[in-house]
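A.B. asks: In order, the protein sequence lines correspond to chains S and R. With the UniProt record's numbering, letter number 97 in the first sequence gets 97, and the count goes up by one each step, no holes. With the UniProt record's numbering, letter number 7 in the second sequence gets 7, and the count goes up by one each step, no holes. Glycine included, C-beta positions come from ideal geometry on N, C-alpha and C. Please read all numbers here as calculations on a predicted model, not as lab measurements. Pasting a structure below so you can have a look.
Protein chains: 2
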Amino acid sequence: MRAEALKGHLDGLLLATLEDGPLHGYAVKEALREVTEGRIDLPTGTVYPALHRLEGAGLISGTWAVANGRRRRTYRLTAAGHAALSDQRAGWQEFATAVTFALKARPWPATP
Amino acid sequence: MRAEALKGHLDGLLLATLEDGPLHGYAVKEALREVTEGRIDLPTGTVYPALHRLEGAGLISGTWAVANGRRRRTYRLTAAGHAALSDQRAGWQEFATAVTFALKARPWPATP
DNA sequence: CCTCCATGAGTAGCATTGCTACCTATAGCA
DNA sequence: TGCTATAGGTAGCAATGCTACTCATGGAGG
Numbered sequence: 001m002r003a004e005a006l007k008g009h010l011d012g013l014l015l016a017t018l019e020d021g022p023l024h025g026y027a028v029k030e031a032l033r034e035v036t037e038g039r040i041d042l043p044t045g046t047v048y049p050a051l052h053r054l055e056g057a058g059l060i061s062g063t064w065a066v067a068n069g070r071r072r073r074t075y076r077l078t079a080a081g082h083a084a085l086s087d088q089r090a091g092w093q094e095f096a097t098a099v100t101f102a103l104k105a106r107p108w109p110a111t112p
Numbered sequence: 001m002r003a004e005a006l007k008g009h010l011d012g013l014l015l016a017t018l019e020d021g022p023l024h025g026y027a028v029k030e031a032l033r034e035v036t037e038g039r040i041d042l043p044t045g046t047v048y049p050a051l052h053r054l055e056g057a058g059l060i061s062g063t064w065a066v067a068n069g070r071r072r073r074t075y076r077l078t079a080a081g082h083a084a085l086s087d088q089r090a091g092w093q094e095f096a097t098a099v100t101f102a103l104k105a106r107p108w109p110a111t112p
């Protein structure tokens, strides 16, 4: 997976991962990796700042907890987050359709 | 179409547009707009630098010409450009599949 | 005649964003 | 004792598309 390909689509993926229920940061990363069968395996240096961004934007809310002697920050979608996820899904559909179409080989578009 | 969504995918779109035959910069922009029915309508400040990048990378080659008193730079795909386009197509397929899957609502994945 | 618009090319500088490369800490296993 | 997985974090970099301009020609409308 090319590195820059993800730009602009990460937020939606994180939100979608949190849609199923609250998760802490590391679990988000793992869930995304498992769901995509390893195709999207984000470094922690990508995940944590992104979650902070989303929290700052009010799309998710985090709370500290402790489990197994380790501190965790558990995130859940806010109402705004659910709405944003809807937008992201719609935006992705439109984007993917346009790119797929534009990328398609057009053998002889001007010769019917 | 969100602005940042395109990041990392622009090159492939431009290469695909040039696959059908040589075009000058402005025509590339117009062709891409028409092919996608206006969904991808790039500002010239995006197109020209991108074409320069692609030319610098050896994926396209440009030659100056004059038509209707206006100077044009006509670009065509190089062999490397054709190869890069193949890679872009494959990469896009993989990326789109992964994102579509990850973005999909997973009602109860853990409860069979 | 003058102005506006489409065509055609270009650049400087900005903002965003994901990544690399680090650091800290605990639990468990070899 | 050290390594690995888990868990969270940051500083700074590099890439990339966009905004907002500049310059130029030709044709249409007033």
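1) Under a Cβ-count criterion, where at least 16 other Cβ atoms within 10 Å of its own Cβ denotes burial, should Gly58(R) be classed as buried or exposed?
2) Tell me, which residues are paired with Tyr75(R) by DSSP?
3) Grab the span of the alpha helix (DSSP H) containing Arg53(R) for me, first residue to last.
4) Just the Cα atoms here: how many angstroms apart are Leu15(S) and Arg70(R)?
5) In this structure, does DSSP put Thr31(S) in helix, strand or coil?
6) Using a C-beta to C-beta distance shorter than 8 angstroms, which residues of chain R count as neighbours of Glu94(S)?
7) Of all Cβ atoms in chain R, is any one closer than 8 angstroms to the Cβ of Glu30(S)?
8) When the Cα atoms are used, what is the spatial distance from Thr97(S) to His82(R)?
9) What residues match up with Ala67(S) in a beta bridge as DSSP calls it?
10) From the DSSP output, in three-state form, read off Arg89(R) for me.
C.D. replies: Here's the rundown:
1) The sequence position of residue 58(R) within the second sequence is 58, counting from 1. Classification for Gly58(R): exposed.
2) In the second sequence, counting from the first residue as 1, residue 75(R) sits at position 75. Beta-bridge pairing links Tyr75(R) to Leu23(R), Gly62(R).
3) Translated into the one-based positions of the second sequence, residue 53(R) becomes position 53. Residues 44 to 56.
4) Working through the first sequence from its first residue, we reach residue 15(S) at position 15. Working through the second sequence from its first residue, we reach residue 70(R) at position 70. One C-alpha to the other measures close to 49 angstroms.
5) Counting from 1 along the first sequence, the entry for residue 31(S) is found at position 31. The sequence shown places Ala at residue 31(S), not Thr. Helix at Ala31(S).
6) Taking the first residue of the first sequence as position 1, residue 94(S) is located at position 94. Near Glu94(S) (Cβ distances below 8 angstroms), the residues of chain R are Met1, Arg39.
7) Within the first sequence, residue 30(S) is the residue found at index 30, counting from 1. Not closer than 8 angstroms to any Cβ of chain R, the Cβ of Glu30(S) fails to qualify, so no.
8) For this step, residue 97(S) is matched to residue 97 along the first sequence. For this step, residue 82(R) is matched to residue 82 along the second sequence. So the two alpha carbons sit approximately 22 angstroms from each other.
9) Position 67 of the first sequence, counted from the first residue, corresponds to residue 67(S). The partner list for Ala67(S) (beta bridge, DSSP) reads Arg70(S).
10) Within the second sequence, numbered from 1, the residue matching residue 89(R) stands at position 89. Looking at Arg89(R) - three-state DSSP - the assignment turns out to be helix.
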